[in-house]
Amino acid sequence: MSAPTQHPPRRRVGASLPDFPWDSLAAAKARAAAHPGGIVDLSVGTPVDATPAVVADALRSAANAPGYPQTHGTPALRETVASWFARRRGVPGLDPDGVLPTVGSKELVAWLPLLLGLGDGDVVAHPAVAYPTYDVGARLAGATPLGADTVEELDAAWEAGRRVRLLWLNSPSNPTGAVRSVGELAALVDWARARDVVVASDECYAELGWDAAHDTTRGGLVPSVLDPRVCGGDHTGLLVAYSTSKQSNLAGYRAAFLAGDVALVRELLELRKHAGMIVPWPVQVALRAALGDDEHVAAQRERYRARRDVLRPALERAGFRVDASAAGLYLWSTRGEPCRTTIDLLAERGVLAAPGDFYGPPGARHVRIALTATDERIGEVPARLADLA
Ligand SMILES: Cc1ncc(COP(=O)(O)O)c(C=O)c1O
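Residue numbers for the sequence shown follow full-length UniProt numbering, beginning at 1 and rising by one.
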């Protein structure tokens, strides 16, 4: 009788992933929760205001859904996305064939490297201080993540023989709120296209600009990579990931989409059809309603603006410096000390923030303070920090 074959052990994908960072905040959360006035939790970017009626009604109207929905989304949904880009993002002429709904954008961020066929030896570049899922997605595919923000850093990696295949951009940034200019985006797009590197631009905070240059209510705009001033009107090699979670209080619906290069979208569509990565029909209907109504987005932006106008001066009075934060849902703040010291100082006062080291080593002296709490909770903060003034 021959000996049983010895196979190598199963590869445990989870072994290549970092620990879930939020676990390290448990002690600070318990301390903040012990405050007699209750916790003010500004550590996560999860919306707290109601889902707009126009969207909830659309969801309800589509509750009868016995058949499978289209993975590509209906033509009507894709046309709505194209006209939203023209109306809100300064991107005319987007081809509706180059639109693909996604189940929220986090799954897309996590699986895109694998769906693009990346693996061992390939490099996924992403901002050095970043939403952690870019790194996770690279690792899930067996590729290598690389923090790089500038053409110079990308060039250095390329010259050193690193095989960059995918470049993630995130403007406005989570966590810093920094916004890339048209010129910066154009330089990065030119660099990538010259090397056949796919650019995936995660732009889900684009409707939440605060300073004049980026505030759509004052004629500003957060530029998209699909903006003709950035890409010359040619979407080859470019994808935008966009989500309605933040601007429409729809994180619970998982309503997002991808848009850009038609050939790349077709390739991803085929794979996602095979893999059953389909947005439920009622959510497709709700997403179309959300993108067709600008009024609720404007109202939500004003809610966040008011909260920001309470938090920012309270932080500055308490010795914080707020960096970047020109757009998005966060104040990227520092007291010039290690972030965990600041987290403890806030937790003693019943306020929970996210430590900057969650987002990469350059964030180690910042904390990320979210605008996503009720007016009542945010209104507590100035008094809680008053003794630091
Ligand atoms: C930069 C960025 N990308 C993607 C997401 C995921 O959003 P969702 O999966 O809700 O669409 C988030 C959520 O916080 C984010 O901050």
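All C-beta atoms, glycine included, are put in the ideal place defined by N, C-alpha and C.
Legend entry - Short CB-CB distance (under 8 Å) between residue 148 and chain D: Note that chain D does not occur in the displayed structure, where there is just one protein chain.
Inset, instruction - From the DSSP output, in three-state form, read off residue 290 for me. - result: The answer is helix: DSSP assigns residue 290 an H, G or I state.
Legend entry - Beta-bridge partners of residue 170, as assigned by DSSP: In the DSSP output, where bridge partners are listed per residue, residue 170 has 202.
Inset, instruction - Indicate the three-state DSSP secondary structure (helix, strand or coil) for residue 256 in the structure shown. - result: In the structure shown, residue 256 sits in a strand (DSSP, three-state: E or B).
Inset, instruction - Determine, using beta-carbon pairs with one atom in the stretch 23 to 32 and one in the stretch 345 to 362, whether at least three such pairs fall under 8 Å. - result: Inter-segment contact for the stretch 23 to 32 and the stretch 345 to 362 is present: three or more beta-carbon pairs are separated by less than 8 Å.
Legend entry - Every unbroken alpha helix (DSSP H) within the stretch 36 to 88, with a cutoff of 4 residues, ordered by chain: Runs of the alpha helix (DSSP H) inside the stretch 36 to 88: 53 to 61, 75 to 88.
Legend entry - the stretch 279 to 289 contacting the stretch 132 to 145, beta-carbon criterion three pairs below 8 Å: With a cut-off of 8 Å, the stretch 132 to 145 and the stretch 279 to 289 do not count as touching, because too few Cβ pairs lie within range.
Legend entry - Check your reading: residues with Cβ closer than 6 Å to ligand 1 heavy atoms: Every residue passing the under-6 Å Cβ criterion appears here: 45, 104, 105, 106, 109, 131, 170, 174, 202, 204, 243, 245, 251, 256.
Legend entry - Within the stretch 186 to 236, ranges of the alpha helix (DSSP H) (whole runs, at least 4 residues): Runs of alpha helix (DSSP H) with 4 or more residues, each lying fully within the stretch 186 to 236, are found at 228 to 231, listed in chain order.
Legend entry - For residue 241 and residue 105, believed in contact at Cβ under 8 Å, the rounded distance: With 8 Å as the limit, residue 105 and residue 241 qualify as a contact, their Cβ atoms being about 5 Å apart.
Inset, instruction - Return the Cβ separation of residue 310 and residue 379 in integer angstroms, given the expectation that the two are a contact with Cβ distance under 8 Å. - result: At roughly 6 Å, the Cβ-Cβ gap stays under 8 Å, so residue 310 and residue 379 are in contact.
Inset, instruction - Check whether the Cβ atoms of residue 223 and residue 182 lie closer than 8 Å to each other. - result: Closer than 8 Å, so yes.
Legend entry - Residues bridged to residue 360 (per DSSP): DSSP lists no partner for residue 360.
Inset, instruction - For the beta strand (DSSP E) holding residue 332, just list the boundary residues, first then last. - result: Residues 330 to 334.
Inset, instruction - Kindly list the residues whose CB is nearer than 6 Å to the CB of residue 206, restricted to its own chain and excluding five residues on each side of it in sequence; keep chain order. - result: Only 222 meet the Cβ criterion.
Legend entry - Start-to-end residues for the beta strand (DSSP E) that takes in residue 146: Looking at the DSSP string, the run of the beta strand (DSSP E) that includes residue 146 is 144 to 147.
Legend entry - residue 150 versus 55, 170, 365, 133, residue with shortest Cα-Cα distance: Per the Cα distances, 170.
Inset, instruction - Evaluate contact between the stretch 273 to 284 and the stretch 67 to 83, counting only Cβ atoms and requiring at least three cross-stretch pairs below 8 Å. - result: Enough Cβ pairs lie closer than 8 Å, so yes.
Legend entry - Cα-Cα separation, residue 94 to residue 234: Distance between the alpha carbons of residue 94 and residue 234 is about 10 Å.
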